[in-house]
Amino acid sequence: MSAVAAFAIIAAAAQATPSPLFDAFKAACFNVRQFDGVGKAALAAGWTEVTPASADPRIAAILAKGLDAVKKEEPTA
């Protein structure tokens, strides 16, 4: 079997397998170019807003890294 055929089979299987994790992000992250609507879409999809102080430490760490990166790229943001 060629590598291309094997890749096609793997890709088809991946598309056929539902992913609850990615489905959960789909509603909120579908149109991130319209950033103002992301929060509303997340709430409408059943997400719950969590403050950084009450977030799981792993999520808080990811958020802190992201905020630091944004501040470095866009200091006035």
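What the sequence shown shows, in mature numbering (1 follows the signal peptide of the UniProt record, and there is no 0), is residues -16 to -1, 1 to 61, in sequence order.
Yeah, the Cβ is synthetic: ideal placement off N, Cα and C, and Gly gets one too.
Item checked: Whole-angstrom distance between Thr32 and Leu47, CA atom to CA atom -> 16 Å
Next item on the list: Please report the Cβ distance between Pro36 and Ala44, rounded to the nearest whole angstrom; I am assuming they are in contact, meaning their Cβ atoms lie under 8 Å.
Entry: 5 Å
Item checked: Element boundaries [alpha helix (DSSP H), containing Val16] -> Looking at the DSSP string, Val16 is not in any alpha helix (DSSP H), and its letter there is neither H nor E.
Next item on the list: Take Lys10 as the anchor and find which of Phe19, Ala39, Ala25 has the nearest alpha-carbon.
Entry: Ala25
Notebook entry, point to check: Excluding five sequence neighbours on each side, which residues of the same chain lie with their C-beta closer than 7 Å to the C-beta of Ala12?
Noted result: Val22, Ala25, Ala26, Ala29, Trp31
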